[in-house]
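Taking my numbering, the leading residue of the sequence shown gets 4, the next gets one more, and so forth.
Just so it is clear, CB atoms sit at the ideal spot from N, CA and C, and this is done for glycine as well.
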Amino acid sequence: MAVIRDRIPHFSTSVPVVVIGAGAAGALAALAARDVGGKVLVLDRDASPTGATAYSSGMIPAAGTRAQQSREIDDSPEHFAQDIQAKSNGRSAKHLVEAYTRSAAETIDWLERTCGVSFELVEGTPPGHSVARMHALADRGGTSLLSALYRTLAARGVRMQPGACVTDLFVDGEQRVRGVRYRRGEQEIVDVGCSVLVLATNGFAGNADLVAKYLPDVRALPFAGHAGSQGDALGWADDMGAATEDMDGFQAHSSVVMPQRLQLPWALMTEGAIQVNRLGERFGNEHEGYSESALFVLAQPEGIAFNIYDERIHEVGLAMPNYPEAVTRGLIKRGATLRDLAESLGIDRSGLEQTVALVNALAFEDDMDDFGRPFHASQMLLGPYYGVQVTSALLGTEGGLAIDAGGRVLRPDGTALPNLVAAGGAARGLSGDAGGGYLEGNGLLAAVVGGYLAGRTAAELAY
Ligand SMILES: Cc1cc2nc3c(=O)[nH]c(=O)nc-3n(C[C@H](O)[C@H](O)[C@H](O)COP(=O)(O)OP(=O)(O)OC[C@H]3O[C@@H](n4cnc5c(N)ncnc54)[C@H](O)[C@@H]3O)c2cc1C
Numbered sequence: 004m005a006v007i008r009d010r011i012p013h014f015s016t017s018v019p020v021v022v023i024g025a026g027a028a029g030a031l032a033a034l035a036a037r038d039v040g041g042k043v044l045v046l047d048r049d050a051s052p053t054g055a056t057a058y059s060s061g062m063i064p065a066a067g068t069r070a071q072q073s074r075e076i077d078d079s080p081e082h083f084a085q086d087i088q089a090k091s092n093g094r095s096a097k098h099l100v101e102a103y104t105r106s107a108a109e110t111i112d113w114l115e116r117t118c119g120v121s122f123e124l125v126e127g128t129p130p131g132h133s134v135a136r137m138h139a140l141a142d143r144g145g146t147s148l149l150s151a152l153y154r155t156l157a158a159r160g161v162r163m164q165p166g167a168c169v170t171d172l173f174v175d176g177e178q179r180v181r182g183v184r185y186r187r188g189e190q191e192i193v194d195v196g197c198s199v200l201v202l203a204t205n206g207f208a209g210n211a212d213l214v215a216k217y218l219p220d221v222r223a224l225p226f227a228g229h230a231g232s233q234g235d236a237l238g239w240a241d242d243m244g245a246a247t248e249d250m251d252g253f254q255a256h257s258s259v260v261m262p263q264r265l266q267l268p269w270a271l272m273t274e275g276a277i278q279v280n281r282l283g284e285r286f287g288n289e290h291e292g293y294s295e296s297a298l299f300v301l302a303q304p305e306g307i308a309f310n311i312y313d314e315r316i317h318e319v320g321l322a323m324p325n326y327p328e329a330v331t332r333g334l335i336k337r338g339a340t341l342r343d344l345a346e347s348l349g350i351d352r353s354g355l356e357q358t359v360a361l362v363n364a365l366a367f368e369d370d371m372d373d374f375g376r377p378f379h380a381s382q383m384l385l386g387p388y389y390g391v392q393v394t395s396a397l398l399g400t401e402g403g404l405a406i407d408a409g410g411r412v413l414r415p416d417g418t419a420l421p422n423l424v425a426a427g428g429a430a431r432g433l434s435g436d437a438g439g440g441y442l443e444g445n446g447l448l449a450a451v452v453g454g455y456l457a458g459r460t461a462a463e464l465a466y
């Protein structure tokens with residue numbers, strides 16, 4: 004990966020807007036740029052692009068949408084912004100939080116019109132959000148979101164080039180990107196010129212060296228993201244003198260079944276589930292976010308934990324992303340008694356029995372435990388019991404290129420590079436500079452809304 008300055012070729016093909024990366028950020032940027040008029044080319048290194056987007060739940064948080072209004076949910080961009088900042092202790096980039104929360108409802112409406120899809124408001128209030136504001140397509144999941152985007156890109160004449168790994172950028176003396184070089188297969192090298200380049204290559208969570216450099220505390224976490232998250236945008240932008248921000252931020256998850264990389268809904272914890280270690284002991288407040296809890300799970304014997312709950316919570320899980328798949332794959336264990344469940348999961352029986360007795364006693368009293376988690380009588384754990392072995396994993400990074408509210412990449416002095424735009428995981432996110440700052444939905448909010456805004460900026464610069 005390099006920036007080539009001295010040998011800018013004569014490009015036989017030039018496209019006004021080139022987008023690198025066909026995840027949510029790249030697809031949205033391409034669609035939004037195309038909406039304004041000119042030609043767009045999307046390059047992705049994978050033969051069948053999915054990005055991390057396909058691994059996500061496909062739920063986009065937005066405030067003030069029609070779906071919320073029809074359910075008489077009182078919400079606003081300001082309210083939404085407050086929730087994001089509360090999670091990061093006020094350390095999220097203010098200009099991005101404001102821009103994305105303000106534009107989220109508009110982006111959902113625009114997606115519905117442009118892609119001919121319909122977003123539903125997902126039941127329930129995710130931890131850290133003050134109202135229900137997750138929006139998803141009927142069949143849920145990041146894959147269906149991407150499929151809708153790809154269908155529309157094709158229908159709108161946007162050329163998508165899969166299997167095209169961008170290796171180099173051609174940059175002139177004024178720091179203007181003049182084109183890119185990509186590799187197809189083992190042999191073929193292709194150069195294409197552009198007026199504006201959009202970097203939508205996600206972050207660096209899949210690059211062990213960069214994780215060790217920027218996030219040494221989490222380098223022991225298994226990686227459960229997309230292999231393309233190699234931090235390519237960082238390398239190019241660094242060569243061009245761009246600034247980076249929030250490099251200590253990350254998105255981890257404390258309830259991932261490995262090696263299947265199946266992320267189980269953390270919302271089951273707010274329903275009353277608990278997490279124990281092999282000794283049957285709880286080790287934290289499960290109502291804190293799944294990202295910051297990851298380091299607690301990592302600190303347990305063998306770096307594993309077990310989610311323990313009952314039939315009521317199991318039923319709730321069946322309506323949530325990934326959980327039915329875990330059931331079908333036989334990952335969820337059931338026990339008529341705690342003894343049976345402990346045996347099938349390999350947990351210390353008496354430890355588990357004591358822990359459940361304690362949380363039920365707290366629930367009976369509507370009391371709080373020493374970790375600060377409140378328990379409620381309606382959430383007592385009653386047999387039959389369910390459980391699953393999980394671990395924590397690194398899903399993505401939240402630091403990246405410094406950008407303005409429209410996605411233009413900035414230098415350390417705050418001025419914008421002439422024609423470089425970034426969105427999604429390639430850019431700094433909304434979670435501040437620590438793992439605990441990640442509020443559920445921040446990843447897709449930055450990719451979807453950030454992508455939309457970046458596409459419009461790219462169009463303004465290019466056409
Ligand atoms: C398991 C998992 C679950 C998640 N769940 C959620 C969730 O429920 N809610 C949420 O908000 N977020 C979630 N996230 C985070 C969310 O998926 C990401 O923040 C978001 O999808 C990032 O979108 P993106 O377009 O920036 O990156 P991606 O979707 O990863 O797309 C980047 C693309 O760039 C391509 N690329 C990279 N380098 C090059 C190159 N040099 N040349 C060409 N192409 C390149 C890659 O192949 C890839 O297709 C989850 C992430 C994971 C891993």
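Look at the region 327-359 and you find these whole runs of alpha helix (DSSP H), each 4 residues long or longer: 341-348. If you look at Tyr389, you'll find it isn't in any alpha helix (DSSP H); it sits in the beta strand (DSSP E) that goes Tyr388 to Thr400. The beta carbons of Leu456 and Ala236 sit about 17 Å from each other, so the pair does not count as a contact at 8 Å. The residues Leu456 and Thr460, in chain order, have a CB closer than 6 Å to that of Gly409 in the same chain once the five nearest residues on each side in sequence are set aside.
Ala227 has its Cβ nearer than 6 Å to a heavy atom of ligand 1. Annotation for Gln266 indicates a beta carbon within 6 Å of some heavy atom of ligand 1. Sequence-distant partners of Tyr326 (beyond 5 residues in either direction) whose C-beta falls short of 7 Å from its own C-beta, in its chain, are Leu267, Pro268 and Gly320.
Taking 7 Å as the cut-off, the beta carbon of Val6 is found closer than this to the beta carbon of Asp242. Taken in chain order, the complete beta strand (DSSP E) segments of 3 residues or longer contained in the region 120-168 are 137-139 and 162-164.
DSSP places Pro80 in the uninterrupted alpha helix (DSSP H) bounded by Pro80 to Lys90. The region 211-222 and the region 241-260 touch, with no fewer than 3 CB-CB distances between them shorter than 8 Å.
Just measuring C-alpha positions, the residue of Ser15, Ser232, Val393 and Gly354 sitting nearest Phe309 is Val393.
According to DSSP, Leu420 shares a beta bridge with no other residue. Contiguous alpha helix (DSSP H) elements confined to the region 270-302 occur at 270-273 and 297-301, taking only those with 4 or more residues. Scanning Gly287, Glu314 and Arg315 for the CA closest to the CA of Gln303 turns up Gly287. Distance from the CA atom of Gly26 to the CA atom of Ala57, rounded to whole angstroms, is 8 Å. Relative to ligand 1, the nearest heavy atom lies less than 6 Å away from the CB of Tyr58. Residue state for His98 is assigned as helix, using DSSP reduced to three classes. Assigned with DSSP and collapsed to three states, Ser73 falls in helix.
Residue pairing of Gln190 in beta bridges, as defined by DSSP: absent, with no partner found. Leu385 counts as exposed, since fewer than 16 other beta carbons sit within 10 angstroms of its beta carbon. When distances are taken from the beta-carbon of Val169 to the heavy atoms of ligand 1, the shortest one is below 6 Å.
In the three-state reduction of the DSSP assignment, Leu385 falls in the coil class. Under the three-state reduction of DSSP, Asn205 is assigned to coil, being neither helix nor strand. Leu464: not part of any beta strand (DSSP E); member of the alpha helix (DSSP H) spanning Gly453 to Ala465, first to last residue. Inclusion of Lys42 and Pro19 in the CB contact set at 7 Å is warranted, their separation being smaller than that value. Taking 6 Å as the cut-off, the C-beta of Gly306 does not count as close to any heavy atom of ligand 1. The beta carbons of Val180 and Asp171 sit about 11 Å from each other, so the pair does not count as a contact at 8 Å.
Taking C-beta separations shorter than 6 Å and ignoring five residues to either side along the sequence, the partners of Pro64 in its chain run Arg136, Met137, Gly444 and Leu448, following chain order. Going by beta carbons, Thr117 and Phe253 fall outside the 7 Å limit. A check of alpha carbon separations from Gln263 across Gln72, Leu423, Ser395 and Phe378 identifies Ser395 as the nearest. Comparing alpha-carbon positions, the option among Val412, Gly417, His317 and Val451 lying closest to Val201 turns out to be Val412.
For Ala5, the uninterrupted beta strand (DSSP E) run begins and ends at Ala5 to Ile7, by DSSP.
Judged by their CB atoms, Ala108 and Phe83 are not nearer to each other than the 7 Å cut-off.
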